[in-house]
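A quick write-up on the structure given underneath.
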Amino acid sequence: MLTKQRLEEMEKLLLVWLNEKQLTEDSVSEAIICEKARKIHGNLLKKNPSSSGEGEEFKASRGWCEKFHKRKLVFYNERRKDS
């Protein structure tokens with residue numbers, strides 16, 4: 001079962017990562033953001049496993065990504081290579 005606290009921490013760390021990407025003008029896509037969110041959640045789970053003993057699964061679905069973007073006002077910074 002996903003915990004609200006773990007999701008909030010993951011989103012906080014994801015925003016830090018996104019800010020770093022923005023500062024270095026690296027391009028990011030929805031797929032890259034979702035992949036990073038899954039990795040961050042996995043790392044948090046390894047550091048502090050669920051006390052219930054049940055495995056937590058975070059899919060970073062398209063719906064989650066859309067809601068995350070609306071909640072945090074995140075915009076993609078995708079640049080085309082041929083520009």
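Residue numbers for the sequence shown follow the UniProt record's numbering, beginning at 1 and rising by one. C-beta: ideal position from N, C-alpha, C; glycine also.
- Bounds of any alpha helix (DSSP H) do not take in ASN48, whose DSSP letter is neither H nor E.
- Per the Cβ contact rule, the segment 9-17 is in contact with the segment 40-50 (3 or more Cβ pairs under 8 Å).
- With a 10 Å radius around the Cβ and a threshold of 16 neighbouring Cβ atoms, LEU18 comes out buried.
- The same chain holds no residue with a CB closer than 6 Å to that of ASP26 once the five nearest residues on each side in sequence are set aside.
- For THR24 and HIS69, the gap between their C-alpha atoms comes out near 20 Å.
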